[in-house]
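A.B. asks: Protein chains in written order, with the numbering used here: chain A, 1 to 263; chain B, 1001 to 1467.
1) So residue 1159(B) and residue 1258(B) are in contact, right, with Cβ under 8 Å, and what is the actual spacing, rounded?
2) Using only alpha-carbon positions, find the residue among 228(A), 199(A), 106(A), 50(A) that is nearest to residue 65(A).
3) Rounded to whole angstroms, how far is the Cβ of residue 1181(B) from the Cβ of residue 1115(B), which I believe are closer than 8 Å?
4) Following the continuous alpha helix (DSSP H) through residue 1134(B), name the residue where it begins and the one where it ends.
5) From 1327(B), 1331(B), 1012(B), 1319(B), pick the residue whose C-alpha is nearest to that of residue 1168(B); which is it?
6) Does any heavy atom of the ligand ATP sit closer than 7 Å to the C-beta of residue 171(A)?
7) Output the distance between the C-alpha atoms of residue 190(A) and residue 200(A), rounded to the nearest integer angstrom.
8) Alpha helix (DSSP H) containing residue 103(A): first to last residue?
9) Could you pull out every residue in the same chain whose Cβ sits closer than 7 Å to the Cβ of residue 1289(B), ignoring the five residues on either side in sequence?
10) Using a Cβ cut-off of 9 Å, pull out every chain B residue sitting near residue 206(A), in sequence order please.
11) Rounded to whole angstroms, what is the Cα-Cα separation between residue 1141(B) and residue 52(A)?
12) Could you check how far apart the C-beta atoms of residue 1201(B) and residue 1183(B) are, in whole angstroms? I think they sit under 8 Å.
13) Put residue 1204(B) into one of helix, strand or coil per three-state DSSP.
14) Does DSSP put residue 180(A) in a helix, a strand or coil?
15) In this structure, what does DSSP give as the bridge partners for residue 1073(B)?
16) Tell me which residue opens and which closes the beta strand (DSSP E) that residue 1191(B) is part of.
17) Please list the terminal residues of the continuous beta strand (DSSP E) segment that includes residue 1126(B).
18) Tell me the residue span of the alpha helix (DSSP H) that contains residue 1052(B).
19) Should the region 227 to 236 of chain A be regarded as contacting the region 199 to 216 of chain A, the criterion being three or more beta carbon pairs within less than 8 Å?
20) Is the region 1143 to 1153 of chain B touching the region 1070 to 1080 of chain B in the sense that three or more CB pairs, one from each, lie closer than 8 Å?
21) Can residue 101(A) and residue 248(A) be called in contact, C-beta distance under 8 Å?
22) In whole angstroms, what is the alpha-carbon distance linking residue 1284(B) and residue 69(A)?
23) Distance check for residue 139(A) and residue 1301(B), CA to CA, integer angstroms please.
24) Which class does residue 224(A) belong to by DSSP, given the choice of helix, strand or coil?
25) What does residue 1144(B) pair with, by DSSP beta-bridge criteria?
26) Which of helix, strand or coil does DSSP assign to residue 1047(B)?
27) Would you tell me roughly how many angstroms separate the C-alpha atoms of residue 1236(B) and residue 174(A), rounded to the nearest one?
28) Following the continuous alpha helix (DSSP H) through residue 1294(B), name the residue where it begins and the one where it ends.
29) Quick check: what's the CA-CA separation for residue 186(A) versus residue 1278(B)?
30) Quick check on residue 1018(B): does DSSP put it in helix, strand or coil?
31) Smallest Cα separation from residue 238(A): which of 179(A), 211(A), 167(A), 89(A)?
32) On the three-state DSSP scale, how would you describe residue 243(A)?
33) Under 9 Å, CB to CB, which of the residues in the region 150 to 175 of chain A have a partner in chain B?
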């Protein structure tokens, strides 16, 4: 089973990297995972899809565990163990689709997991998670940086939501960046990224950009408009993976926006 | 309850919210995902009091802009049958049931609506939706762009333009002072430059009203109300502020207009606050832009940390700006007089051009005549002129072939006038004339952006002598 699962995960990762296909609209959806888990059909693919989603949202879970006072290594082990636990016990098969959201499901499951001292001790004794999700050093460092940045600013649930928002937009930006790269427009994406992602410095003037890129202002405007539209779709598609309905996409974005404006 | 300031988090230059650890603005990024939603609210939310949000051809709401605090729509006043700008702010769920919050918003908005001045965008009406989910206010609809957008598009302004704008903003502040109103969020994106060269300050006094409507939801975050980059040091403390805070913000706004930069940028709220209170002003930025010494001195005093060292009132500040303008005019007096005379000649050319605009034969004759004039001059110094002229001709021919429909009639008139006058050595054609930038022609871009048209002065001398 593990070999099949690893293969499925790798397939997903390749797809994410644009090697197998390139698409602004990811195919892995939480609702599909839940449905597959319930029906029992193709459980390995459901596991792989869930593992892929978990990979994207590893950092929010890690920051939550860290906010509970665990050390860096313990938090890494616990986060890995949590994923192993979710997959191993097919916890998602018990998820209530009507309540919908992947974010709520993961947070509630993590809280239960952490509250279960026996599970935690057992997994730590095992030396932490050894399977399912390869943990990259860079990923772990980014997650720790995220925790250090926001720790102490707000409560642990809000910290989780904020980290979630960051993981969400990162995934959308990464996907969009891949698309532009595939179209050999990586430089254009990097030059115009500030118009969607903001930043500490004000965006360059159109005059500066038209000179630098050697295009007219009307062409530049058109590029920026298209980039915004494509990013919007990529972001909504990313949210769509974690909720059940289009209405929930709106709710999810509004909720996360609300969390950010509270900090 | 207010939350402590974020530590080590950057601040977005667009919306003022904290940046992510990677330097991205999550708020801007998430808001982009909602843009479509914002543009298409539920039908029930299209009407606010006497106002109805207008729709585009595709049925979406006609959004004029959105900021950290709400969305502005083009709307119709159903009673007075006029168009207005309608700002709609969603009230956070926690504050919706509060009568006190509603009363505070209405009180502040009422004070803002009482202010009437040519340099202030008038607030016509305000209110809250029946279900208390939104508050709104209808403002005078202004055709134009913000100062921030102008600088972003065209780069920094010269001292004369900045002073003209600054004086009008100061007049708005004087009017506000007579109503005991403080803006609290004066910044380049709250300054509208109208199509007829006027200036209107928007959102006057509404920062406080909106904050009240939002309960704990401040315009930005933490204890802060306003936009950190342009706010006065005392605003960071959350304590009482007075009109001198607006003078500080106006100083920062003018600094931005002159340099394209904020005087004290920073990646975090704390960094901005520290720079405002500890770092010296980067006056070299003004020097590099050749800002007159008197204006530099005035900006330094307006940006003083201690409010007591700033101009005591908006009137005092405006008088100082007026003095700067007079000094500047004296300095360039001779040149201005000459330019005025030539402007007159150019105005005649413009009138003539308007008559020729719809007559291709007349256009062709005009070009032929201009071409002969140019050919009569020694070639080398006028090489650029020649290329410019040829580009103009290509534009006009293309326009006549319907290939450049995006070139407006106004732009065409400018082109023809330039041809009639042969060239525009005195920068009489505004840089924001629509045809500029529409053409992929390196000569035009170079000539316009580098102001190399000044090299054609010699040609003007020749033309005047042979007239």
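For glycine and all other residues, C-beta sits at the position ideal for the given N, C-alpha and C.
C.D. replies: Answer, in terms of the structure:
1) 7 Å
2) When only C-alpha atoms are compared, the closest one is 106(A).
3) 6 Å
4) First-last for residue 1134(B): 1134 to 1140, but that is the beta strand (DSSP E), not the alpha helix (DSSP H).
5) 1319(B)
6) Absence of the ligand ATP is noted for the structure shown, with no ligands found whatsoever.
7) 16 Å
8) In this chain, the alpha helix (DSSP H) harbouring residue 103(A) covers 102 to 115.
9) 1156, 1258, 1259
10) Under the 9 Å cutoff, chain B gives 1152, 1153, 1154, 1437.
11) Residue 1141(B) and residue 52(A): Cα-Cα distance of roughly 50 Å.
12) 7 Å
13) coil
14) Residue state, collapsed to three classes: helix.
15) 1063(B), 1086(B)
16) 1191 to 1194
17) 1123 to 1128
18) Unbroken run through residue 1052(B) is the beta strand (DSSP E), 1051 to 1053; no alpha helix (DSSP H).
19) no
20) no
21) yes
22) Looking at the two C-alpha atoms, the distance is approximately 49 Å.
23) Their backbone Cα atoms lie some 49 Å apart in a straight line.
24) Looking at residue 224(A) - three-state DSSP - the assignment turns out to be helix.
25) 1194(B)
26) strand
27) 36 Å
28) 1293 to 1302
29) 41 Å
30) strand
31) 167(A)
32) Secondary structure at residue 243(A): coil, using DSSP grouped into helix, strand and coil.
33) 150, 152, 153, 154, 162, 165, 166, 168, 169, 170, 172, 173
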